[in-house]
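For the sequence shown, full-length UniProt numbering assigns the number 1 to the initial residue and increments by one for each residue that follows.
All residues carry an ideal CB built from backbone N, CA and C; glycine is no exception.
No experiment lies behind these values; they were computed from the predicted model shown.
First the structure, in the form of structure tokens, and then the observations on it.
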Amino acid sequence: MESLSQTGLSLKVIDPELKPYCIIADFIAEFVGPHCEVVLHSLENVQSSVVYIVNGHITRRKLGAPMTDLGLKQVVEMRRTGNLITGNYFTQSAKPTSREGALFKSISCGITNPEGNLIGFLCINMNLDVPFPEIIRTMMPGLDSGTQVLDEQFNHDMDEMLETVTEQVINEVATDMNIPLKQKNRQIVHELFHRNIFQIKGAAKYIADKLNITKHSVYKYYREVKS
């Protein structure tokens with residue numbers, strides 16, 4: 001009854017309204033790391049509510065596992081108040097079927113259908129028994145793993161981003177001795193195309209002014225790489 005979907009395990013038959021949340025579970029677990037369990041519950045049958053789980057080794061739960069007693073209380077509270085987010089809470093289990101005595105920081109979020117009915121919820125469990133340096137290590141780029149640290153511009157508006165990225169590309173091309181002088185403007189436009197800068201309104205005119213060439217030349221170089 002289990003099938004691998006992205007990074008987690010899911011039941012082959014899953015409510016179509018819950019299925020889009022599987023990729024969200026993968027997304028959260030991928031970002032936080034292997035010490036974070038993400039569970040998708042269906043309220044169709046609370047006796048086997050777990051329909052998708054990532055890093056299930058943390059609580060030693062599998063697909064088809066029942067909802068916990070705390071989960072049942074949370075469902076009642078969500079329906080009573082309409083508040084779908086539980087807020088952070090801490091749990092500790094003494095059950096031998098789970099990580100005995102392990103401390104978890106958790107949060108749950110209810111999922112409703114278009115009619116507003118509660119149909120499931122997503123739960124995140126962070127294993128706090130793992131040594132903190134180990135948790136940090138999984139969140140940091142490894143010095144020996146080849147993890148690339150990427151540059152990203154956190155601009156206040158699109159005009160600022162256009163200016164920043166254009167200036168960056170101009171500097172990169174200008175200092176690249178492998179690009180002939182006569183080809184630098186062409187290469188700058190090509191590189192800006194690959195960075196999707198032409199999606200910004202007014203980009204062609206700004207680039208033309210910055211390079212001291214005509215918009216016609218910019219569009220010519222643009223068409224070269226687009227084709």
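How long is the line joining the alpha carbons of leucine 4 and glycine 64, rounded to whole angstroms? Counting from 1 along the sequence shown, the entry for residue 4 is found at position 4. Counting from 1 along the sequence shown, the entry for residue 64 is found at position 64. Note that leucine 4 scores 40 on pLDDT, short of 50, meaning its location in the model is unreliable and no value can be drawn from it.
Helix, strand or coil, according to DSSP, for aspartate 144 in the structure here? Looking up residue 144 in the sequence shown gives position 144. Caution applies to aspartate 144, whose pLDDT of 49 falls short of 50 and renders its modelled position unreliable; the value that the coordinates give is listed next. Note: aspartate 144 maps to coil in three-state DSSP.
Grab me the residues of tyrosine 221's own chain with a C-beta within less than 6 Å of its C-beta, minus the 5 sequence neighbours each way, in chain order. On the sequence shown, residue 221 is found 221 positions in, with the first residue counted as 1. Around tyrosine 221: Arg186, Val189.
Anticipated Cβ contact below 8 Å, valine 46 with proline 66, distance rounded: The sequence position of residue 46 within the sequence shown is 46, counting from 1. The sequence position of residue 66 within the sequence shown is 66, counting from 1. Contact flag correct, Cβ pair sits at about 7 Å.
Looking only at its own chain, which residues have a Cβ that is under 8 Å from the Cβ of isoleucine 170, when we skip the five neighbours before and after it? One-based indexing of the sequence shown puts residue 170 at position 170. Cβ within range, chain order: Ile188, Lys210, Leu211.
Secondary structure at isoleucine 124, three-state DSSP: helix, strand or coil? The residue given as residue 124 occupies position 124 in the sequence shown. Residue state, collapsed to three classes: strand.
Between Gly116, Ser106, Leu18, Ile24, which has its C-alpha nearest arginine 79's C-alpha? What you label residue 79 is simply residue 79 of the sequence shown in a count that begins at 1. Taking only the C-alpha atoms, the option nearest arginine 79 is Gly116.
Is the CB-CB distance between alanine 102 and aspartate 129 below 7 Å? Position 102 of the sequence shown, counted from the first residue, corresponds to residue 102. Position 129 of the sequence shown, counted from the first residue, corresponds to residue 129. Closer than 7 Å, so yes.
Secondary structure at histidine 35, three-state DSSP: helix, strand or coil? As a working note, residue 35 is residue 35 in the sequence shown. Residue state, collapsed to three classes: coil.
Select from Met158, Gly120, Thr214 the residue whose C-alpha is nearest the C-alpha of proline 16. As a position in the sequence shown, residue 16 is number 16, starting the count at 1. Per the Cα distances, Gly120.
For asparagine 113, collect the residues of the same chain with a Cβ closer than 7 Å to its Cβ; drop the 5 residues on either side in sequence, then sort them by chain order. Within the sequence shown, residue 113 is the residue found at index 113, counting from 1. Glu17, Ile119.
So who's on the other strand from threonine 112, going by DSSP bridges? Taking the first residue of the sequence shown as position 1, residue 112 is located at position 112. Answer is Leu118, bridged to threonine 112.
Run of the alpha helix (DSSP H) containing glutamine 92, from where it starts to where it stops: Locating residue 92 in the sequence shown gives position 92, where the first residue counts as 1. Not the alpha helix (DSSP H): glutamine 92 falls in the beta strand (DSSP E), residues 89 to 92.
Under 8 Å Cβ to Cβ from residue 243, same chain only, skipping five residues before and after it: list those, please. A question about residue 243 goes unanswered here, because the residues of the chain that appear run from 1 up to 227.
Using the Cα positions of serine 49 and valine 13, report the straight-line distance between them to the nearest angstrom. For the purposes of this step, residue 49 is taken as residue 49 along the sequence shown, with counting starting at 1. For the purposes of this step, residue 13 is taken as residue 13 along the sequence shown, with counting starting at 1. Near 12 Å, if we compare the C-alpha coordinates of valine 13 and serine 49.
Return the first residue and the last residue of the beta strand (DSSP E) that valine 51 is part of. Counting from 1 along the sequence shown, the entry for residue 51 is found at position 51. That run of the beta strand (DSSP E) goes 50 to 54.
Can you tell me where the alpha helix (DSSP H) with phenylalanine 198 in it begins and where it stops? Sequence index remark: in the sequence shown, residue 198 carries index 198 (1-based). Phenylalanine 198 -> no alpha helix (DSSP H), and no H or E assigned at all.
If I measure Cβ to Cβ from leucine 143 and keep anything under 8 Å in the same chain, skipping five residues before and after, which residues do I get? The count along the sequence shown starts at 1 and reaches residue 143 at position 143. With a pLDDT of 49 at leucine 143, under the threshold of 50, the modelled position of that residue is not reliable, and no figure is offered here.
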